[in-house]
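J.: Residue numbers (this note's numbering), protein chains in the order written: chain A, 1 to 954; chain B, 1001 to 1573. Even for Gly, the Cβ is constructed at its ideal location relative to N, Cα and C. Here it is, the structure, as structure tokens.
Right, here's the structure in full:
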């Protein structure tokens, strides 16, 4: 019987080359530990399938017991840990073996590694309470080990697995319930800093897992703040912060006095103190955490901004005032005036003692720290605290403004953004505004635009302030003309926010005079437009203002209202026809009704089935026109209207090409009709890609309908090919591909199939078995009939659809000055564009350059060139490099933005969870060779740039 | 007790001619060797005759350490090493070594060529002196000899400024030189380990100042300059400390850059220009921003700032900004103090017509910075130098209050002796250490333990051994010492019962100790024997005999006091 048994074993090995066996052989072959280690290292590189994990682990353990070299045992232990992570492998069966191995181990390194393995296993079996309990028990036992690595791992183990509640199960009652927190906090005073760190990390881990930490730990954590090692301090700061959030209102005593304060205030003082730490990592940590301590009392918060209030303010509320007096009486000099630093009599030495304690000056220090990481963190924290407290916002204003002058641009930008965020709380004084506006001269574009954004939201208190802002903005405009749009927008908000302050300035701004006629300003002057934008926006809520306008102002209004309608609001002007005004107000009101209108037109279209061909086409044409017009009138609904119109156009094209008479003509006359239908099919395909990728906010149903339309177009193409080509080869290929697509369709849109009743796809799916069996010619025939007799799918009105669009701001295309460059060399062209509703522009948006000779060049901008100023909006500021060898005459090139798409990232897969699941399931079955169509859609209008080559110097 | 002795020869309750002598563990170190700006006579140099009346200094000093290249810290160096005579090592950092000779040469030129003084050091002397210099890196521990080691830390203040830790055995001193705790436009902040030295010698220029945030100062400065420029005026900024020139240049340069200003900025040729060359090289000593951006552009390659040409000097301009500390007696000090008339040399008077502004751009730590550094270092004692006496006194008080450590502020020539308590390493045999800990009742590693041993000082080594071993090693015979004490107890029970009661009583109280009831009618607590015998005449009075060896003295005496209190009634038999 011996051979009998061997044969099936061999067979098994042949069908499934077991990894365990191979490993076993390798390990047996190894003569010394170095070799074994080599085998293990190689083994670790390959993946192991779930079924054989257990076998492999057994073999590893076998070898483990035999091995004398600790490095090999270490590797084995780590391998077991890795293997236990294999998905689909039940870890329960090996945990006991690992624990046995642990109990017999002597080497500290291996012990630590085994504990790590246990940790990995334990985390996977977290729900198994008795096991967790047992593992924690093991951790506690090894906590007395002399090696820091072992103690580290033990603490980690306890932190990750320590039971949150007392065990309720009966079998556990006999085990003495351990207080995990007590055990961990005992290690806070371990002699090894690494263990201290691990202990505090374990405590944080417990907190993250939802255990409520005891308040006693606070004192211990506070002691750790003055540890010699930075990693300990860093974790301790976090721990103190966590506890301050848990027990904000507990009362803690102040050492060296018999008074008490709130815990959160005490913790705040301590964290502030850490902003002066020796290690910058701790400083960053502390500065970041300060921002999230919201419950701190106001007087502590305000101390952070004054370096000089040195006395211990914790004592009493009155001590705060006392210290303030001290400050004003000037015990310490500010270093601003010469000679005022002669020592004064100490006012009361008992009140001015604790120089370095408390929150005093934390932010002052943080903001002038050496490392910009700390400064950034401090700015963020300052902003967060100021958002919560208006009075603090008022106080920290000067400090934020000072940060506008930082040497690192990132920090400057951060502080401008911070100020914008808190601008609701503050009202800028004139001198403050002055310093803020001084930054407008900055040469960095980001800074200037951030500042424009800030000015949009700023509250100014006086008319001089407005005037100052305007003057500075105009100066900015003169210095950097490219900022035009940003400045206009900024003035729009400034005007609409402060109508009453603008009112007294109007005569001066428009340079009108009661008696004299002033010359009419140049309408194309950006500065004049800027002033008008400010005035008109203010006039919107201030009806008396229009009385101050002169005649040409009204004319300019009409012009600007048309040309820059997004900047100039509709005004109720006396003595003018209200056409535009009434129009726009009505429109504004009628968003609902126009939505209703879209719905109605779509409903109407449904009737086309019952109409004759001509009537249906007419109806479609009419509806398309209606929708397009509506889209122009109603910007909010433009997306929906255009989307629907495009879809209907597809339908129209399809109908036209399927007209009865086209298909009944005699064979020789095919040609012309074929050409027309082929063009239509191509157009439909293009449209469907546009529909799918250009519009955002689509639901999966819409995507299904779009795909359906595309299938129809493809069917049409197939039929046309069948009619024109003679060779069978291409036809068979096309047929196969088409059928494949039909097959995959329900996999993507399983949940949407119910809406596709009586449709082309539905019908095809019904006859699928037949289709698969029959010849291409027959397939084509079936397709032809199905196509012509399938229903039109009604488009459901999408709730919120936006069309992706882009506008190139720069180059403007208006410039007559050619860009000069040496031909054969490279010239950089600055491109600045705004993108609306583009998803993931970093991967999809490209820049296309068309050279005069028709050569097109597509450039991928760097991901860093995209900024995201608001939801749905992106800004592309990049440089494209142009180069062309043979070029002698000044010529225009065309620049435009493209949206790249690929049918492989079809939205179908990511729309809903159901769909995604379906996709994942069918992933293996799907042939990946399937025609992935990549293409581009125009995203913006082209802009022409005039280029003038200079002959290369020889 | 060992002492650290400190004697300032200069900079004691004064600013200028820093020179501090430190004797630590038998080594003599000179910290800095500077000149005084306020004097032109002999007082300008430290009084080296304090060290020795005649002859060279080499045999009295183990090393000289220069903290940075400012003349009030290195100005007397060639005088000391070449004219008085010193051949030992002089330590300074690389940037200091590079820039120091430029300043010394400049100083020599002004004194000899301009003022026409004789008996001053020559260029050759500067060169010879610089040959004795040993350059050190930051955080590099330099062994001066077998025992003395020094280590430099970053001090901010000026390019290449360092704080030094001087260590002999377990005693150490930290000397800060001048330092800055707030980073500026081209330098980082001072940083040092928590090295817990016995003595911390700190400068205290701004002992009574806590400066506003440096941001306001910078903003004010730029605004003042900008305004003056916009009005079409000129600004003169007399920068008297090398390094501050670079700081202001960078500040102005970046401002000009950011604001796209076009007005020219000039700086005087010569010294600054030469030094600037080295600033470009020692990028590692500068702050984060400059270190990170120098690949694209070295910030010291100024675009807007050009060397000053004498032909521009037609009119000095309407505004003067004094960007730092002015020592008493200088013209700057007078102007700042508001004098409208100046007496120049040769009885000329000059009227001050310009607008004068003071802005503290000094790269010294303010009071809070000093306190912060002290907290970071955690010294046993603090000594203040380089400051005015009155202000120092104020800060001294604060430091003593705050940290409750001693603070000293010696005047020039006054010696301060600080008693240190250095650790003395002793060898202990592992057997003694471990053996004792296993014997103890509770092996708690955190509890201090009492152990018995014998200290043997022999052949320049210290060893702690167990008494048995000591006896064996020294060839002595062992004697036992035993205390025996009698306590009378009133107890009406029988002897046996009383003993039982004592046994139970002790058991209740001394829970952690092994207590045995021996069959021969005695109780043993560890090695302490307790016996009982009734008095013949009075059965209720019992004599309790307690006997213990001297090793158990503590426990024994505790038992006696316990028994003297008598037995509580409630004890069971």
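Taking the alpha-carbon positions, what's the residue 480/A to residue 573/A distance?
T.: Locating residue 480/A in the first chain gives position 480, counting from the first residue. Locating residue 573/A in the first chain gives position 573, counting from the first residue. Rounded to whole angstroms, residue 480/A to residue 573/A spans 34 Å at the Cα level.
J.: Using DSSP bridges, identify the partner residues of residue 935/A.
T.: Translated into the one-based positions of the first chain, residue 935/A becomes position 935. Residue 935/A pairs with 901/A.
J.: Which residues, taken in chain order from the stretch 269-294 of chain A, show a beta carbon closer than 8 Å to some beta carbon of chain B?
T.: 276, 278
J.: Using only the alpha-carbon positions, how far apart do residue 1375/B and residue 1159/B sit?
T.: Residue mapping note: residue 1375/B aligns to position 375 of the second chain, counting from 1. Residue mapping note: residue 1159/B aligns to position 159 of the second chain, counting from 1. So the alpha carbons of these two residues sit roughly 24 Å apart.
J.: Measure the alpha-carbon distance for residue 291/A versus residue 141/A and round it to whole angstroms.
T.: The residue given as residue 291/A occupies position 291 in the first chain. The residue given as residue 141/A occupies position 141 in the first chain. Using only the alpha carbons, I get a separation of about 40 Å.
J.: For a cutoff of 9 Å on Cβ pairs, would you count residue 1285/B as touching chain A?
T.: Residue mapping note: residue 1285/B aligns to position 285 of the second chain, counting from 1. No - not a single Cβ of chain A is within 9 Å of the one on residue 1285/B.
J.: Is the beta carbon of residue 779/A less than 9 Å from the beta carbon of residue 735/A?
T.: To locate residue 779/A, count along the first chain from 1; it is residue 779. To locate residue 735/A, count along the first chain from 1; it is residue 735. Taking 9 Å as the Cβ cut-off, residue 779/A and residue 735/A qualify as a contacting pair.
J.: Return yes when the Cβ of residue 1062/B is within less than 9 Å of the Cβ of residue 1148/B, no when it is not.
T.: By 1-based counting over the second chain, the position of residue 1148/B is 148. By 1-based counting over the second chain, the position of residue 1062/B is 62. In this structure, residue 1062/B lies closer than 9 Å to residue 1148/B by Cβ.
J.: For the stretch 1228-1242 of chain B, list every residue whose C-beta sits within 8 Å of some C-beta in chain A, in sequence order.
T.: Within the stretch 1228-1242 of chain B, no residue qualifies.
J.: So within the stretch 130-206 of chain A, which uninterrupted alpha helix (DSSP H) runs reach at least 4 residues, ignoring any that extend past its ends?
T.: 148-161, 170-173, 180-186
J.: Check each candidate in 1540/B, 1433/B, 1549/B and name the one with the smallest Cα separation from residue 1479/B.
T.: The residue you call residue 1479/B lines up with position 479 of the second chain. Out of 1540/B, 1433/B, 1549/B, 1549/B has the C-alpha closest to the C-alpha of residue 1479/B.
J.: Excluding the five sequence neighbours on either side, which residues of its own chain have a C-beta within less than 7 Å of the C-beta of residue 1471/B, listed in chain order?
T.: One-based indexing of the second chain puts residue 1471/B at position 471. So the list reads 1478, once near-sequence residues are dropped.
J.: Compute the beta-carbon to beta-carbon distance between residue 118/A and residue 54/A, rounded to the nearest angstrom, for a pair I have assumed lies under 8 Å.
T.: Looking up residue 118/A in the first chain gives position 118. Looking up residue 54/A in the first chain gives position 54. Rounded, the Cβ-Cβ distance is 17 Å, inconsistent with contact.
J.: Need the endpoints of the alpha helix (DSSP H) that residue 1224/B sits in, please.
T.: Translated into positions along the second chain, residue 1224/B becomes position 224. Its alpha helix (DSSP H) spans residues 1214-1230.
J.: Spatial neighbours of residue 1373/B within its chain, please: C-beta separation below 8 Å, excluding the five flanking residues on both sides.
T.: Here residue 1373/B corresponds to residue number 373 of the second chain, with the count starting at 1. Excluding its 5 nearest sequence neighbours in each direction, residue 1373/B has C-beta neighbours in its own chain below 8 Å: 1176, 1179, 1181, 1190, 1192, 1202, 1365, listed in chain order.
J.: Apart from the five residues on each side of it in sequence, which residues of its chain come closer than 7 Å, Cβ to Cβ, to residue 1035/B?
T.: In the second chain, residue 1035/B corresponds to position 35, counting from 1. Correct list, in chain order: 1017, 1044, 1045, 1071, 1072, 1075, 1076.
J.: Report the option in 219/A, 236/A, 231/A whose CA atom is closest to the CA atom of residue 225/A.
T.: Translated into the one-based positions of the first chain, residue 225/A becomes position 225. When only C-alpha atoms are compared, the closest one is 236/A.
J.: Can you check which of these residues, 522/A, 193/A, 190/A, 163/A, is closest to residue 208/A by C-alpha distance?
T.: Here residue 208/A refers to the residue found at position 208 of the first chain. Closest by alpha carbon: 163/A.
J.: Relative to the alpha-carbon of residue 42/A, which residue among 62/A, 75/A, 184/A, 806/A has its alpha-carbon at the smallest distance?
T.: Residue mapping note: residue 42/A aligns to position 42 of the first chain, counting from 1. The residue with the shortest Cα to Cα distance from residue 42/A is 75/A.
J.: State the Cα-Cα distance for the pair residue 1242/B and residue 833/A, rounded to the nearest angstrom.
T.: Numbered from 1 along the second chain, position 242 holds the residue referred to as residue 1242/B. Numbered from 1 along the first chain, position 833 holds the residue referred to as residue 833/A. About 48 Å.
J.: Exposed or buried, what is residue 88/A when buried is set at 16 or more other beta-carbons lying within 10 Å of its beta-carbon?
T.: As a working note, residue 88/A is residue 88 in the first chain. Classification for residue 88/A: exposed.
J.: At a Cβ cut of 7 Å, what residues of the stretch 1175-1192 of chain B count as close to chain A, listed as they run along the chain?
T.: 1182, 1183, 1185, 1188, 1189, 1191
J.: Name the DSSP beta bridge partners of residue 1300/B, please?
T.: Sequence index remark: in the second chain, residue 1300/B carries index 300 (1-based). Paired residues: none, contrary to the question.
J.: Is the Cβ of residue 435/A closer than 9 Å to any Cβ of chain B?
T.: For the purposes of this step, residue 435/A is taken as the residue at position 435 of the first chain. It does; some Cβ of chain B falls within 9 Å.
J.: Report all residues from its chain with a CB closer than 7 Å to the CB of residue 1556/B; omit the five preceding and five following residues, and keep chain order.
T.: Position 556 of the second chain, counting from 1, holds the residue named residue 1556/B. Within the same chain, residue 1556/B has close Cβ partners 1483, 1528, 1546, 1548.
J.: Just verifying my parser: in three-state terms, what is the DSSP assignment at residue 54/A?
T.: As a first step, residue 54/A is located in the first chain; it is residue number 54 there, counting from the start. Three-state DSSP puts residue 54/A in a helix.
J.: Excluding sequence positions up to five away, which residues of its chain have a Cβ less than 7 Å from the Cβ of residue 381/A?
T.: Sequence index remark: in the first chain, residue 381/A carries index 381 (1-based). Excluding residues within five positions, the ones whose Cβ falls inside 7 Å are 287, 288, 290, 291.
J.: Do you know whose CA, among 203/A, 407/A, 36/A, 191/A, lies nearest residue 183/A's CA?
T.: Here residue 183/A refers to the residue found at position 183 when the first chain is read from its first residue. Cα-wise, what sits closest to residue 183/A is 203/A.
J.: Whole angstroms is fine: what's the gap from residue 831/A's alpha carbon to residue 883/A's?
T.: Within the first chain, residue 831/A is the residue found at index 831, counting from 1. Within the first chain, residue 883/A is the residue found at index 883, counting from 1. C-alpha separation (whole angstroms): 16 Å.
J.: Tell me which same chain residues have a C-beta within less than 8 Å of the C-beta of residue 350/A, skipping the five on either side of it?
T.: The count along the first chain starts at 1 and reaches residue 350/A at position 350. In this predicted model, residue 350/A has a pLDDT of only 42, less than 50, meaning its place in the structure is not dependable enough to derive any value.
J.: Our contact map puts residue 248/A next to residue 285/A with C-beta atoms below 8 Å; I'd like the distance itself, whole angstroms only.
T.: On the first chain, residue 248/A is found 248 positions in, with the first residue counted as 1. On the first chain, residue 285/A is found 285 positions in, with the first residue counted as 1. 20 Å between Cβ atoms; not a contact.
J.: Would you kindly check if the distance between the Cβ of residue 1271/B and the Cβ of residue 1462/B is under 9 Å?
T.: If you number the second chain from 1, residue 1462/B lands on position 462. If you number the second chain from 1, residue 1271/B lands on position 271. No. Outside cutoff.
J.: Would you list, in sequence order, the uninterrupted alpha helix (DSSP H) runs of no fewer than 4 residues that lie entirely inside the stretch 86-138 of chain A?
T.: 92-103, 108-124
J.: Helix, strand or coil for residue 958/A per DSSP?
T.: Any property of residue 958/A remains undetermined from this structure, which presents chain A solely from 1 to 954.
J.: With a floor of 4 residues, list each alpha helix (DSSP H) that falls wholly inside the stretch 641-711 of chain A, ordered by position along the chain.
T.: 660-664, 670-694
J.: If I'm right that residue 863/A touches residue 876/A with Cβ under 8 Å, what's the distance once you round it to whole angstroms?
T.: If you number the first chain from 1, residue 863/A lands on position 863. If you number the first chain from 1, residue 876/A lands on position 876. Going by Cβ atoms, the distance from residue 863/A to residue 876/A rounds to 11 Å, so no, they are not a contact pair.
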